[in-house]
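The listed protein sequences correspond, in order, to chains A and B.
First residue of the first sequence: 11, per our numbering; consecutive thereafter.
First residue of the second sequence: 11, per our numbering; consecutive thereafter.
Built from N, CA and C at the ideal position, the CB exists for glycine as well.
Just so it is clear, the structure is predicted and the values come from calculations on it, not from any experiment.
Protein chains: 2
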Amino acid sequence: MLKNETLHLSVDCVVFGYDDSGLKVLLINQKEANNEEVGQNPMSQLPGDLILIDEGLEAAAERVLFELTQLKGVYLKQFHAYGDPNRVKQLKDRAWLRSVRTQPEQRVITVGYFGLVSLQDHDPQPASFAGGVEWIDLQNVGPLAFDHNEILDGAMDALQNQLESHHISFELLPKKFTLSQLQSLYEVVLEKKFDKRNFRKNVKRMSHVVPLDEKQQGVMHKPAQLFSFNPDHLDD
Amino acid sequence: MLKNETLHLSVDCVVFGYDDSGLKVLLINQKEANNEEVGQNPMSQLPGDLILIDEGLEAAAERVLFELTQLKGVYLKQFHAYGDPNRVKQLKDRAWLRSVRTQPEQRVITVGYFGLVSLQDHDPQPASFAGGVEWIDLQNVGPLAFDHNEILDGAMDALQNQLESHHISFELLPKKFTLSQLQSLYEVVLEKKFDKRNFRKNVKRMSHVVPLDEKQQGVMHKPAQLFSFNPDHLDD
DNA sequence: TTTCTTTAGTGTATTTGAAACACTTAGGTT
DNA sequence: AACCTAAGTGTTTCAAATACACTAAAGAAA
């Protein structure tokens, strides 16, 4: 058994997708792994891969995400680096690593990015050159490869912490959205309920949420006014 | 000129030290560099070094900090990874890199940790096996090596963001402290003034700040009551 | 021992933001 | 015309943030 002499660096992307049915995360299936030797089911994992030798971290996250899921122009933000020396050395992950890596025993440190997309504005089933890609409801995420459950938790914490302070909710909504959609998003991400009238009072103080001269269409109830996000009005 | 084929990973520690004279950061001088070829002054930098092949990130930060500054038992927390492909390739940094690295042209990604110590409880002039170690007032920090000014700014942001929410102010104070010291710390770190009575009202609600049966000694004014931090009482 | 200097320590009134709460409206469907 | 559904809207109550000025205790100086 070879002694590891260098270490590798990867990026992993925790891409959250949102629509009226809830908050989801983008996972890829390890289709190409033959887990015969340990008789395991194919596992899911976060989209991620080794960075190239001359590539910046954020550029790597964008490239890897595009290569694995065809997603482009996604808001991405670094949140944490994971470097446990044994994070890719569990038995469950060996077969897959051998099938895709030239140095499967290599230690890999990874830098986590979280991404945000609106499922209405982006193709919810991005094609992949190898392996399936799926949006999984956050509640239904099972055991993932490597330490990806921990990374997912870390991304969720970062999202919750930054949702209110960093004006990122709009990355998860369609360009035109209703106040009810905005409220539901807050409720789903922060896992608590808000009072409708108080919530709207607060939104009306945000000058970067601008009402449009347009209403919701095709709904079987009173149509809601549409709003959009104006990044130029960030005076508050 | 050799093509780089692997990349390296380092940790850099931004250790903040606090006492009644203010907030400082621990820097080391590049004494061993002979900058003759570009005629530059010796530069200061954050304590940091490459991680070992089997070492966790936090363990690396602890080890490197100890090796370079003899500091031990310091609160350390990861805050950001810096991976610009050119971050160690500026002219100003070449001479020093050649004097200490076997592969000075190597790309290095670094993971930043911030550390917190009380200058009263820790030796403020830790000895180093090579190169001087100094506490520098935050206002007096000049140009540092590599991207270390940017890393320092990132650490300061992290400290400001976490001071109130993460109960870390106590890492910067002596075990026994006065409320005035606590208030000054908040004012220095958050760069704003607080009202004395309101500040104390808020502290009295924090059950983890416990009054001691002890008073300040050797001061030429009314001695203040001492308090300490009880990590078991974190119910709020 | 008196006076001076310095920082510790304390309470109330005002303003602001957060929280609680229920009915009417507009559109599509039956 | 009646019904269903989510949109939209104000006021009251309570809690927290803010603003503000004097007395107390110790050591130093006279």
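Environment of K34(A) [buried if 16+ CB atoms lie within 10 Å]: The residue is buried, with at least 16 neighbouring Cβ atoms inside 10 Å.
Below-8 Å beta-carbon distance, T16(A) vs any chain B residue: Yes, T16(A) counts as interfacial toward chain B.
Distance between K82(B) and F76(B) (C-alpha atoms, nearest Å): CA-to-CA, the gap between F76(B) and K82(B) works out to about 6 Å.
Pairwise C-alpha distance: V98(B) and D157(B): Going from the Cα of D157(B) to the Cα of V98(B) covers about 8 Å.
Where H231(B) falls, given that 16 or more other Cβ within 10 Å makes a residue buried: With fewer than 16 Cβ atoms within 10 Å of its Cβ, H231(B) is classed as exposed.
Coil, strand or helix - H176(B) by DSSP: Three-state result, H176(B): coil.
V143(A) to L56(A) span [Cα, whole Å]: Rounded to the nearest angstrom, the gap between the Cα atoms of V143(A) and L56(A) is 10 Å.
Partners in chain A for G164(B), counting only beta-carbon separations shorter than 9 Å: Those do not exist, as G164(B) stays about 11 Å from chain A at its closest Cβ, beyond 9 Å.
Short Cβ contact (8 Å threshold) for I63(A) with R117(B): Result yes, Cβ atoms of I63(A) and R117(B) sit closer than 8 Å.
Proximity test, Cβ basis, 8 Å: Q22(A) and chain B: Per the sequence shown, residue 22(A) should be read as Asp rather than Gln. No, no contact with chain B.
Neighbour flag for H90(B) against chain A, beta carbons, 8 Å: Yes, contact with chain A.
8 Å Cβ cutoff, R118(B) in contact with chain A: It is Val, not Arg, that sits at residue 118(B) in the sequence shown. No, V118(B) does not count as interfacial toward chain A.
Whether S179(B) touches L192(B) by CB criterion (8 Å): Cβ distance < 8 Å, so S179(B) and L192(B) count as in contact.
Any chain B beta carbon closer than 8 Å to E65(A): For E65(A), the nearest beta carbon of chain B is closer than 8 Å to its own beta carbon.
Min CB distance V121(B) to chain A below 8 Å: Residue contact check for V121(B) against chain A: a CB pair falls below 8 Å.
Alpha-carbon spacing of Q172(B) relative to L195(B), whole angstroms: Rounded to the nearest angstrom, the two C-alpha atoms are 14 Å apart.
Under 7 Å by beta carbon: chain B residues contacting P95(A): Here the neighbours are D64, E65, G66.
Residues that L19(B) contacts on chain A, provided the C-beta gap is smaller than 7 Å: The answer, in chain order, is L17, L19, I119.
Separation of H90(B) from P221(B), as counted between CA atoms: Taking the straight line joining both Cα atoms gives about 36 Å.
Local Cβ density within 10 Å of D163(A), reported as buried at 16 or more and exposed below that: Result: exposed.
Anticipated Cβ contact below 8 Å, V74(B) with V21(B), distance rounded: Rounded, the Cβ-Cβ distance is 6 Å, consistent with contact.
Residue from F26(B), R210(B), L19(B) whose Cα sits closest to the Cα of K87(B): Shortest Cα-Cα distance from K87(B) to any of F26(B), R210(B), L19(B) involves F26(B).
Residues bridged to Y123(A) [DSSP beta-bridge criterion]: Paired residue(s): C23(A), Q88(A).
Contact set for H243(B): own chain, Cβ-Cβ below 6 Å, skip 5 residues either direction: Closer than 6 Å at Cβ, skipping near neighbours: S217, H218.
Beta-carbon proximity list for K13(A), same chain, < 6 Å, skipping 5 on both sides: Residue placement at K13(A) cannot be trusted, given a pLDDT of 49 that sits under 50; what the coordinates show is reported in the next sentence. The same chain holds no residue with a CB closer than 6 Å to that of K13(A) once the five nearest residues on each side in sequence are set aside.
Integer-rounded CB distance, given that L126(A) should sit under 8 Å from K186(A): Not a contact, Cβ separation roughly 17 Å.
N-terminal and C-terminal residue of the beta strand (DSSP E) that V143(A) is part of: Element bounds for V143(A): 143-147.
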